[in-house]
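Colleague: Residue numbers (the numbering used here), protein chains in the order written: chain Z, 35 to 535; chain D, 35 to 535. Quick reminder that beta carbons are idealized off the backbone N, C-alpha and C, glycines included. Quantities reported herein were computed from a predicted structural model and do not represent experimental measurements.
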């Protein structure tokens, strides 16, 4: 491991959110019973390849922003069993002492390739490809899926919401803060969700633990209870700007936005000016945000507060935000809670972990899982994924066998793996391989990017998609095809599987 | 604190899931800026009462099972700021050193009343009532809401799913295991979600961390990848029962349930019998579960495996389970993942935390938050909640002011707080006060129940509801009324508030 890589993983693993995690048992019981089965039948050392992929985009979206790899890397780097965990497993009465001894010595020694966080990805693409002893790869399935599914889901949802603030024009998106802690599905959902939301384009979070751990900007000013705890709204405003003259964003809807909140904000804004400060903004958290924001804008402008921002919150989601903007709402920023932090409407990404190949007598034997549903038949073999760019736009992806040569500019004929008559010739392209090495034989070989790097990268990635693929409803379906050798292998294995029970 | 209470909180706080948590910063930034505002304006010591309540039942349900109190108690008991957290807050450039000093010495010293975990509760009822310094009560809002919202949501969803297995007859519910780890919204959602699901009536979880921490039964056998990793299905079955002859539940749908899985299971079942064991069950994870289970049942019965259970999984939820049972599916148990662990369809409970009263010159001044939406107007004052039982069935709840006398058997006229012409006289009742003391001046006074006690209590609580209130769609709306003094207070404050800005 190079010094830079080692330093970076040390920095990350020292974050309080990662420190002190006991994650050996963060798995489904059947992983342990299967591991015991492999142990009992002398097959622990069997080398295999598993792929993490998902079958359909969440929320009718046209893509996913993958996220969660950092959490996976920390987990794989430190997964182990503590004495109290071994004792618990012993108490279940399922396992013998030899097996528990194997767990005591457990560490992850596999090889991992993954698509970096912030990348745009599509159904059926291996997001993480893990190679190693089946004994280890069985244990880690549940946690790896949990982390990748959760963070990718929230990052994707965030891109939908942030794009809605500007009708899909990425460069014009308004600042959007993640406000969901109180409605999150417990603490990790809030904290890792805030991280994922930031990767997906949010500008800040209200969640201080997320700010503390991940160096995400934090934002927030006051609640209705603050206003109520004073005898009048203007006293509450004055007390707030007394504490934070440089961060004066005032919540104006506790009593009546247009007849109380905005007039009082203007009064306090003039007092602030006299002290050399500026009224940064007002927040409206209820009522008709389109009507109120337009009226408030006029009132503020008329009093010389043209730069004072109007921030909206109140159970917003991408649909409401889009409708508000279409109605000409004068909103400069958004706070989004429940809908973002739970990915309301699509609260799970269905990532799966499937056996792709098995080593027998030194060579890889591709494995397949058949199903009556053609979309559920897995892609066999150890694979890689490449992306073709034409004029800097992502044009199509190709899933190939690992041993295949990557095209270098020659025209390539792509065909739909289900409806093979659909063909497309691609030329004048550049090409990028998506999976990069993360672990080799249990050693980290990847210098983990900072969250700012990941967030910037996600923005660049989004910009490589056509606006049709980024459309929130009925998006253009991006081409993800199989190489001819992979397609033929799959066809042959399906045909053969029909006869093997 | 009594010795029993102290011992119990020590036991609970020692659970690895609670140990080593750093939760001082698990809050929204605006709580800290408001705390700073109180500090700067000399109002830190202001005593207030906040209520935790929600406004509508999730998933069109008729009730909520409240859960999460244990997590709240542990949090309140240990919430503090570590040196690295103070340093982070300093780095934000928002706060002065005097304030950071206050945080260094922060501990919770308030008084808490709460409705015990496992209780059936309804909209607008204070589930947790917290009294203390506004400086402390502001900090804890976000985490308290997060825990109560999440665990109550999942416990409630679990009751919907478990009841669906027997058409709503609680006593006849089939064992239902929580299988959602891989689709949970990160680790805590999986682990605390498994706890809540168990409280709500699930019989076990696949999540080993949840089993380890909370002593929940764990279950699970093998995945498709186990079957695939052998050259044939029957070899895979034999290897599994070799490892676990006493826990033989075989996954029979990898290739073909009726032509391969069940015949192979019967062969292995006969081999098991010859060794003195029994084939406990088969699991079907794909295909038409109604058709397949009926056909499989016949095949098993015909070969003398009448006691072998048929377990179903495959993206189940309460609606699918109900439909399967209505179609006569022969299913003895269920594994439910995504829909349960994310509460798909309703992934957040909208619990809020609202100021109810403020102490001024030694007496409590009730506080209200008005809104154009009558359902959003808060109930003012320090309150309690009582439940009337008639013939052992919960008949109505009454929210009262804390100083009111609880009725002792005399006829009581209840009226709907919004549509006051709706009246109901209740007599021949018994009465229970729902809020119980948890903390007094920062000291725990509550002996925390075990999870088995909570789960049994939840089952008893459900049984106090009519089947009409437990109906999954369009349930009977349970009566939650306000006492006349509370209603009058609210009316007067609303009238007065109209003139105070």
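Report buried or exposed for residue 336(Z), applying the criterion of at least 16 other Cβ atoms within 10 angstroms of its Cβ.
Modeller: By the 10 Å Cβ count, residue 336(Z) comes out exposed.
Colleague: Consult DSSP for residue 103(Z) and reduce its assignment to one of helix, strand or coil.
Modeller: helix
Colleague: Which residues, taken in chain order from the stretch 48-75 of chain D, show a beta carbon closer than 7 Å to some beta carbon of chain Z?
Modeller: 50, 54, 56, 59, 60, 61, 62, 63, 64, 66, 67, 68, 70, 71, 74, 75
Colleague: Of the choices 414(D), 350(D), 520(D), whose alpha-carbon is the least far from that of residue 367(D)?
Modeller: Each of 414(D), 350(D), 520(D) was checked against the Cα of residue 367(D), and the nearest Cα belongs to 350(D).
Colleague: Whole-angstrom Cβ separation of residue 521(D) and residue 451(D), contact assumed at under 8 Å?
Modeller: 6 Å
Colleague: Quick one: using the 10 Å Cβ neighbour count with 16 as the cut-off for buried, is residue 308(Z) buried or exposed?
Modeller: Looking at its Cβ environment, which holds fewer than 16 other Cβ atoms inside 10 Å, residue 308(Z) is exposed.
Colleague: When burial is assigned at 16 or more other CB atoms within 10 Å of the CB, is residue 130(D) buried or exposed?
Modeller: exposed
Colleague: Taking Cβ-Cβ distances below 9 Å as the criterion, which residues of the stretch 204-235 of chain D are in contact with chain Z?
Modeller: 213, 214, 215, 216, 217, 218, 219, 220, 221, 222, 223, 224, 225, 226, 227
Colleague: Looking only at its own chain, which residues have a Cβ that is under 7 Å from the Cβ of residue 527(Z), when we skip the five neighbours before and after it?
Modeller: 400, 402, 414, listed in sequence order.
Colleague: So residue 119(Z) contacts chain D; which residues on that side make the cut at Cβ distance below 7 Å?
Modeller: 246
Colleague: Around the C-beta of residue 79(Z), are 16 or more other C-beta atoms found within 10 angstroms, so that it is buried, or is it exposed?
Modeller: exposed
Colleague: Which same chain residues end up closer than 7 Å to residue 287(D) when comparing Cβ atoms and leaving out the 5 residues on each side of it in sequence?
Modeller: Answer for residue 287(D): 295, 318, 319, 320, 321, listed in chain order.
Colleague: Taking 8 Å as the CB-CB cut-off, is residue 483(D) touching chain Z?
Modeller: For residue 483(D), the answer is no, since every Cβ of chain Z falls outside 8 Å of its Cβ.
Colleague: Could you name the residues that DSSP lists as bridge partners for residue 391(Z)?
Modeller: 83(Z), 400(Z)
Colleague: DSSP has residue 434(D) in a bridge; who is on the other side?
Modeller: Answer by DSSP bridge pairing, in chain order: 418(D).
Colleague: Sorted by chain position, which residues of the same chain lie with C-beta nearer than 6 Å to residue 215(Z)'s C-beta, five sequence neighbours on each side aside?
Modeller: 224, 241
Colleague: Is the distance from the Cβ of residue 164(D) to the Cβ of residue 144(D) below 8 Å?
Modeller: yes
Colleague: Rounded to the nearest angstrom, how far is the Cβ of residue 114(D) from that of residue 58(D), given a contact under 8 Å?
Modeller: 6 Å
Colleague: Nearest to residue 87(D) by CA position, among 435(D), 197(D), 388(D), is which residue?
Modeller: 388(D)
Colleague: Specify the secondary structure class of residue 247(D) as computed by DSSP and reduced to three states.
Modeller: It is helical.
Colleague: Note down, in chain order, all residues in the stretch 389-415 of chain D with a beta-carbon under 9 Å from any beta-carbon belonging to chain Z.
Modeller: 389, 392, 401, 402, 403, 404, 405, 406, 407, 410
Colleague: Kindly list the residues whose CB is nearer than 6 Å to the CB of residue 472(Z), restricted to its own chain and excluding five residues on each side of it in sequence; keep chain order.
Modeller: 146, 148, 480
Colleague: Confirm, please, whether the CB-CB distance from residue 314(D) to residue 354(D) is below 8 Å.
Modeller: No, they are not a contact pair.
Colleague: How is the beta strand (DSSP E) around residue 464(Z) delimited, first residue to last?
Modeller: 464-467
Colleague: Take residue 187(Z) as the anchor and find which of 220(D), 126(D), 212(D), 174(D) has the nearest alpha-carbon.
Modeller: 220(D)
Colleague: Using a 10 Å radius around the Cβ and a threshold of 16 neighbouring Cβ atoms, would you call residue 259(D) buried or exposed?
Modeller: buried
Colleague: Looking at the C-beta of residue 111(D), does it have a partner C-beta in chain A at a distance below 8 Å?
Modeller: Structure shown: chain A not included; protein chains present are Z and D.
Colleague: What separation, rounded to the nearest whole angstrom, lies between the Cα atoms of residue 323(D) and residue 346(D)?
Modeller: 7 Å
Colleague: What residues in the stretch 248-269 of chain D have a beta carbon less than 7 Å from any beta carbon of chain Z?
Modeller: 252, 253, 254, 255, 256, 257, 258, 259, 260, 262, 263, 266, 267
Colleague: So which residues on chain Z does residue 384(D) lean against when the C-beta distance must stay under 8 Å?
Modeller: 217, 372
Colleague: Just reading off the alpha helix (DSSP H) that residue 123(D) is part of, what are its end residues?
Modeller: Note, residue 123(D): alpha helix (DSSP H), 117-125.
Colleague: With 8 Å set as the bound, which would you pick, yes or no: does the beta-carbon of residue 122(D) sit closer than that to a beta-carbon of chain Z?
Modeller: Contacts with chain Z at 8 Å (Cβ-Cβ) include residue 122(D).
Colleague: By the criterion of Cβ-Cβ separation under 8 Å, what are the contact partners of residue 168(Z) in chain D?
Modeller: Under the 8 Å cutoff, chain D gives 263.
Colleague: Around the Cβ of residue 158(D), are there at least 16 other Cβ atoms within 10 angstroms (buried) or fewer (exposed)?
Modeller: Here residue 158(D) is buried: its Cβ has 16 or more other Cβ atoms, across all protein chains shown, within 10 Å.
Colleague: Would you be able to state if there are at least three C-beta pairs under 8 Å between the stretch 231-251 of chain Z and the stretch 259-276 of chain Z?
Modeller: no
Colleague: Counting only beta-carbon separations shorter than 8 Å, does residue 241(Z) have a partner in chain D?
Modeller: yes
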